[in-house]
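Novice:
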Amino acid sequence: AYLPLPPTTTRADPIVMRNITEYAAPAWPQNPVRKLSINLIGTYTKINKGYYEAKKQWTGNFTWSDGQELVLNRRYDLKKQIGHGAFGVVMHAIDLQTGESVAIKIIKARNAYTAQAQREIRLLQSLRSLDTENTSNVVELRGTFMYHQHQCLVFEMLSANLYTLLERVDFHGFSLPLVRKFASQLFVSLQFLARPDVRVIHTDIKPENICIR
Numbered sequence: 001a002y003l004p005l006p007p008t009t010t011r012a013d014p015i016v017m018r019n020i021t022e023y024a025a026p027a028w029p030q031n032p033v034r035k036l037s038i039n040l041i042g043t044y045t046k047i048n049k050g051y052y053e054a055k056k057q058w059t060g061n062f063t064w065s066d067g068q069e070l071v072l073n074r075r076y077d078l079k080k081q082i083g084h085g086a087f088g089v090v091m092h093a094i095d096l097q098t099g100e101s102v103a104i105k106i107i108k109a110r111n112a113y114t115a116q117a118q119r120e121i122r123l124l125q126s127l128r129s130l131d132t133e134n135t136s137n138v139v140e141l142r143g144t145f146m147y148h149q150h151q152c153l154v155f156e157m158l159s160a161n162l163y164t165l166l167e168r169v170d171f172h173g174f175s176l177p178l179v180r181k182f183a184s185q186l187f188v189s190l191q192f193l194a195r196p197d198v199r200v201i202h203t204d205i206k207p208e209n210i211c212i213r
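Numbering-wise, the numbering used here puts 86 at position 86 of the sequence shown, and it's gapless, one number per residue.
1) What is the C-beta distance between Val188 and Leu130, in whole angstroms, given that I count them as a contact (C-beta under 8 Å)?
2) Under DSSP, the alpha helix (DSSP H) around Arg195 begins and ends at which residues?
3) Output the residue ranges of the beta strand (DSSP E) runs that lie fully inside the stretch 110 to 159 and measure 3 residues or longer, sorted by chain position.
4) Sort Gln151, Lys206, Val90 and Gly67 by Cα distance to Phe182 and report the nearest one.
5) In the DSSP output, what is Ala217 paired with across the bridge?
6) Comparing C-alpha positions only, which one of Gly83, Leu178, Val138 and Arg213 sits nearest to Ile106?
7) Taking the alpha-carbon of Tyr147 as reference, which of Ser65, Val71, Gly67 and Asp66 has the nearest alpha-carbon?
8) Just the C-alpha distance for Ala112 and Gly60, rounded to the nearest angstrom, thanks.
9) Compare the C-alpha of Cys211 against each of Arg122, Gln185, Leu127 and Leu153 and name the closest.
10) Distance, Cα to Cα, Ile201 vs Asp66?
11) With C-beta atoms as the reference, is Val139 less than 8 Å away from Glu156?
12) Considering only C-alpha positions, which residue in the set Asn73, Ala109, Glu100 and Asp77 is nearest to Ala86?
13) Where does Val71 fall in DSSP's three states?
14) Please report how far the alpha carbon of Arg195 lies from the alpha carbon of Val154, in whole angstroms.
15) State yes or no: is the C-beta of Leu141 within less than 8 Å of the C-beta of Arg122?
16) Starting from Arg168, trace the alpha helix (DSSP H) both ways and give me its first and last residue.
17) Here's a check: name, in chain order, each residue in its chain whose Cβ is nearer than 7 Å to the Cβ of Arg213, leaving out the five neighbours to either side.
18) Could you tell me which residues DSSP pairs with Ile107 in its beta bridges?
19) Pull up the CB-CB distance for Phe192 and Ser101, whole angstroms please, since I reckon it's below 8 Å.
20) Kindly indicate which residue of Gln116, Arg75, Thr203 and Gln118 has the alpha-carbon position closest to the one of Ala103.
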């Protein structure tokens, strides 16, 4: 047998709308079959709600609070956070073996980020070996290690990046002689990357990625 259809209308008649709902399929939120089929993911979430909430909150980032005493790899005494990004955080640390300041890039403890960081390590090591005269202006990678599933890269400590310098002058720009100096050093780096034995394309040149020694 066919159910009679509600009368048609060209306006949003509240009576017609109520009649339409009479023909809608009943909702069975407590139906166990529905919970184990259509609503299966929601069921799992409710079963282990604490786990899913914790999973949402943890992003794989390295956590550290100001004033916390922490030495990584029995060598690097953390002092403060100096940067952050999608990859993780950058920390200022003191190398207890040399007494020098270093910057440690601490990657998120996620497989994809770790794999990307390890590709970066191989690339930087390759660039360093090809830069026999140490004139490429490529940042110096001083070491790497793992800390609680975080891939860590140790760099020489550099000064502010160009974006920070622009902030300090309220984005009014730099003098022409200074711009020429920055540009000439940048061109040296690009010329090195374009060498036939290097052949690397930098796809993220921006003020934040250009640091001052």
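Ideal placement from N, C-alpha and C gives every residue a C-beta, glycine not left out.
This structure is a prediction, so every number in the text was calculated from the model and none was measured.
Specialist: Concretely, from the data shown:
1) Counting from 1 along the sequence shown, the entry for residue 188 is found at position 188. Counting from 1 along the sequence shown, the entry for residue 130 is found at position 130. About 14 Å; that fails the 8 Å criterion.
2) Position 195 of the sequence shown, counted from the start, is the residue given in the question as residue 195. Looking at the DSSP string, Arg195 is not in any alpha helix (DSSP H), and its letter there is neither H nor E.
3) 141 to 147 and 150 to 156
4) The residue given as residue 182 occupies position 182 in the sequence shown. When each option's Cα is compared against that of Phe182, the closest is Lys206.
5) Nothing about residue 217 can be read from this structure; the chain reaches only from 1 to 213.
6) Within the sequence shown, numbered from 1, the residue matching residue 106 stands at position 106. Among Gly83, Leu178, Val138 and Arg213, the Cα nearest to that of Ile106 is on Gly83.
7) On the sequence shown, residue 147 is found 147 positions in, with the first residue counted as 1. Nearest of Ser65, Val71, Gly67 and Asp66 to Tyr147, Cα basis: Val71.
8) Position 112 of the sequence shown, counted from the start, is the residue given in the question as residue 112. Position 60 of the sequence shown, counted from the start, is the residue given in the question as residue 60. If I take the Cα positions, the gap works out to 11 Å.
9) As a working note, residue 211 is residue 211 in the sequence shown. Among Arg122, Gln185, Leu127 and Leu153, the Cα nearest to that of Cys211 belongs to Gln185.
10) Translated into the one-based positions of the sequence shown, residue 201 becomes position 201. Translated into the one-based positions of the sequence shown, residue 66 becomes position 66. Rounded to the nearest angstrom, the two C-alpha atoms are 37 Å apart.
11) Indexing the sequence shown from 1 puts residue 139 at position 139. Indexing the sequence shown from 1 puts residue 156 at position 156. Against a cut-off of 8 Å, the Cβ pair of Glu156 and Val139 comes out as a contact.
12) What you label residue 86 is simply residue 86 of the sequence shown in a count that begins at 1. Ala86 has its Cα closest to that of Ala109, out of Asn73, Ala109, Glu100 and Asp77.
13) On the sequence shown, position 71 is the one that residue 71 refers to. Looking at Val71 - three-state DSSP - the assignment turns out to be strand.
14) As a first step, residue 195 must be located in the sequence shown, where it is residue number 195. As a first step, residue 154 must be located in the sequence shown, where it is residue number 154. Whole-angstrom Cα-Cα distance: 26 Å.
15) Counting from one through the sequence shown, the residue named residue 141 turns up at place 141. Counting from one through the sequence shown, the residue named residue 122 turns up at place 122. It is not a contact, given that the beta carbons lie outside the stated cut-off.
16) Residue 168 sits at position 168 when you count from the first residue of the sequence shown. Leu162 to Arg168 is the span of the alpha helix (DSSP H), which, as asked, contains Arg168.
17) The residue given as residue 213 occupies position 213 in the sequence shown. Answer for Arg213: Leu158 and Ser159, listed in chain order.
18) Residue numbering aside, residue 107 sits at position 107 when the sequence shown is read from its first letter. Answer is Gly88.
19) Walking along the sequence shown from the start, residue 192 turns up at place 192. Walking along the sequence shown from the start, residue 101 turns up at place 101. Contact flag wrong, Cβ pair sits at about 26 Å.
20) Position 103 of the sequence shown, counting from 1, holds the residue named residue 103. When each option's Cα is compared against that of Ala103, the closest is Arg75.
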